[in-house]
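*Asks:* There's a structure below that I have some questions on.
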Amino acid sequence: MNNSFINRLTKLIYKNHRYLHAFKTSLACLIGLLAYRLFSVEHGQWIIITIAVVMGSQITVGSGEEKSIARTFATIIGALAGGLFLLCGFVGQIYYELLALFIVSLGFAYLAGSKKYSYVGILGTATFVIVGLSHSFHSGVSDGMMRALDILLGVIISIVINRLVFPIYARKELLASMAGTIDKFRLLILDCFSLNRSFTQLESSKYEIQQTSGISSSFLKQSKLLNESDSYLEKIHFKLNLKEAEELILNSKKVFRQTLAMRYTLSLSEKSSIWLKSLNEVKLFLEHVNLFFEYCSHKLLTYPYDDRSFILQDKTLKDLLEVIEVEIKIKKENEHIHLYAFIHSLKYFWKEIKILDTNIKKLTIIKN
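Residues in the sequence shown are numbered consecutively from 20, following the working numbering.
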């Protein structure tokens with residue numbers, strides 16, 4: 020009973036990531052404040068600032084680790100650059116100061132303009148200014164060291180909380196996002212043959228626009244999660260071949276494209292579409308594809324614990340194509356062009372979901 024309650028509570032918490040992450044960030048800030056007060060840390064405000072920056076918008080363990088590493092390196096590089104600038108001033112030659120400032124500013128500006136290291140460039144510049152423009156060499160070095168220690172403490176607190184308190188792993192989120200996308204494919208296909216849907220309105224329907232927007236957003240999210248999944252703390256959580264995950268995402272995009280193409284061909288002729296909808300072979304094909312997409316979603320969501328399998332039956336496609344080809348032979352040329360378009364899109368759709376099946380199996384097989 021207790022275990023069942025705990026499992027339900029855990030699922031509820033993980034469904035509300037924003038609340039969970041806000042709680043974790045607040046907890047980390049409280050620990051940072053306690054460390055500041057108990058140990059009388061000089062410039063201790065940087066502990067809480069670091070926690071807020073590292074955990075603020077970084078929900079997953081992987082993204083938090085990336086931010087922690089970037090902040091640590093930025094502080095160290097900025098402090099060293101500031102110390103170098105102070106040494107130039109200590110020598111008493113303004114030319115050395117100007118040259119050092121130019122080189123350091125150039126380097127940090129270059130980093131700030133890059134996609135991967137922009138944060139290092141921005142924070143490194145701030146640290147450089149704080150250390151380098153101090154009133155004296157001694158105070159500058161002292162402030163730089165204390166700032167580095169405070170930031171390191173904030174980073175450690177952030178990593179520990181992220182890792183131990185309701186950890187949200189990018190790899191799990193990636194699998195869940197891919198499963199959700201595949202389930203949206205299933206809904207789009209079911210909508211194609213819905214009895215309540217006017218086939219001439221498929222392409223421009225509000226439902227399709229909403230689904231298309233959601234799927235496109237999920238692909239962007241998956242690219243971000245894929246990068247976050249490559250961190251050390253993510254790797255030690257559980258095995259997941261990221262190269263195969265990337266292939267699956269690319270394949271999913273192709274399935275999406277073919278799904279939309281099939282919907283478009285169904286909107287070309289209302290007469291042909293209504294006839295297709297009445298076919299028993301279409302219903303069998305639809306049921307089979309629906310079960311396949313459900314299997315794919317479940318396989319990703321339950322990884323690595325689900326070992327069930329599913330076999331795509333080419334016969335369901337073959338039977339449907341045979342019926343359509345017979346109909347084409349008895350129709351006039353200007354009437355069967357829409358059915359040819361549907362056959363073409365159907366074949367490519369089947370080709371892509373077979374590749375999807377292969378990629379799902381490759382990704383979810385646990386390799387020793």
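Backbone N, C-alpha and C define an ideal beta-carbon position, used for all residues, glycine too.
Do Ser-271 and Thr-200 have their CB atoms nearer than 7 Å?
*Replies:* Yes, the pair counts as a contact, with Cβ atoms nearer than the cut-off.
*Asks:* Name the residue from Ser-237, Ile-187, Cys-107, Thr-44 whose alpha carbon lies nearest to the alpha carbon of Val-80.
*Replies:* Comparing Cα positions, the closest option is Ile-187.
*Asks:* From Leu-340 to Ile-349, what does the alpha carbon distance come to, in whole angstroms?
*Replies:* Leu-340 and Ile-349: Cα-Cα distance of roughly 15 Å.
*Asks:* Answer yes or no: do Glu-247 and Ser-45 have a C-beta to C-beta separation smaller than 7 Å?
*Replies:* Not in contact: Glu-247 and Ser-45 (Cβ atoms no closer than 7 Å).
*Asks:* Using C-beta distances below 6 Å, list every residue in its chain close to His-357, excluding the 5 sequence neighbours before and after it, in chain order.
*Replies:* So the qualifying residues of the chain are Leu-287, Ser-288, Ser-291.
*Asks:* Do you know whose CA, among Ile-178, Ala-195, Ile-88, Ser-161, lies nearest Leu-142's CA?
*Replies:* The shortest Cα separation from Leu-142 among Ile-178, Ala-195, Ile-88, Ser-161 belongs to Ile-88.
*Asks:* So what does DSSP say about Gly-132, is it helix, strand or coil?
*Replies:* Three-state DSSP puts Gly-132 in coil, outside helix and strand.
*Asks:* Less than 7 Å between the beta carbons of Val-308 and Leu-375, yes or no?
*Replies:* Their beta carbons are not under 7 Å apart, which means Val-308 does not touch Leu-375 by this criterion.
*Asks:* Please state whether the Cβ-Cβ distance between Leu-336 and Trp-369 is less than 7 Å.
*Replies:* Yes, the pair counts as a contact, with Cβ atoms nearer than the cut-off.
*Asks:* Ile-70 and Gly-173: beta carbons closer than 7 Å?
*Replies:* Going by C-beta atoms, Ile-70 is nearer than 7 Å to Gly-173.
*Asks:* Does the stretch 306-321 come within contact of the stretch 238-246, defined as at least 3 CB pairs closer than 8 Å?
*Replies:* No, because fewer than three Cβ pairs between the stretch 306-321 and the stretch 238-246 fall closer than 8 Å, the two stretches do not touch.
*Asks:* Roughly how many whole angstroms lie between the Cα atoms of Lys-302 and Lys-296?
*Replies:* Taking the straight line from one Cα to the other gives about 8 Å.
*Asks:* Among Asp-162, Val-150, Thr-321, which has the Cα closest to the Cα of Glu-192?
*Replies:* For Glu-192, the nearest C-alpha among the options comes from Thr-321.
*Asks:* Grab me the residues of Ser-364's own chain with a C-beta within less than 8 Å of its C-beta, minus the 5 sequence neighbours each way, in chain order.
*Replies:* These residues qualify, in order along the chain: Gln-277, Ala-280, Met-281, Tyr-283, Thr-284.
*Asks:* Ends of the alpha helix (DSSP H) at Gly-75?
*Replies:* Segment 64-75, the alpha helix (DSSP H) holding Gly-75.
*Asks:* Measure from the alpha carbon of Leu-305 to the alpha carbon of each residue in Ile-379, Glu-371, Phe-212, then state which is nearest.
*Replies:* The option with the nearest alpha carbon to Leu-305 is Phe-212.
*Asks:* Measuring only the C-alpha atoms, how far is Ala-195 from Leu-319?
*Replies:* Computed Cα separation, rounded: 7 Å.
*Asks:* Can you give me the C-alpha to C-alpha distance between Thr-460 and His-317, rounded to a whole angstrom?
*Replies:* Examination of residue 460 is not possible in this model, given that the chain is present from 20 through 387 alone.
*Asks:* If Phe-127 sits next to Gly-140, beta carbons under 8 Å apart, how far is it from one beta carbon to the other, in whole angstroms?
*Replies:* Right, their Cβ atoms sit about 5 Å apart.
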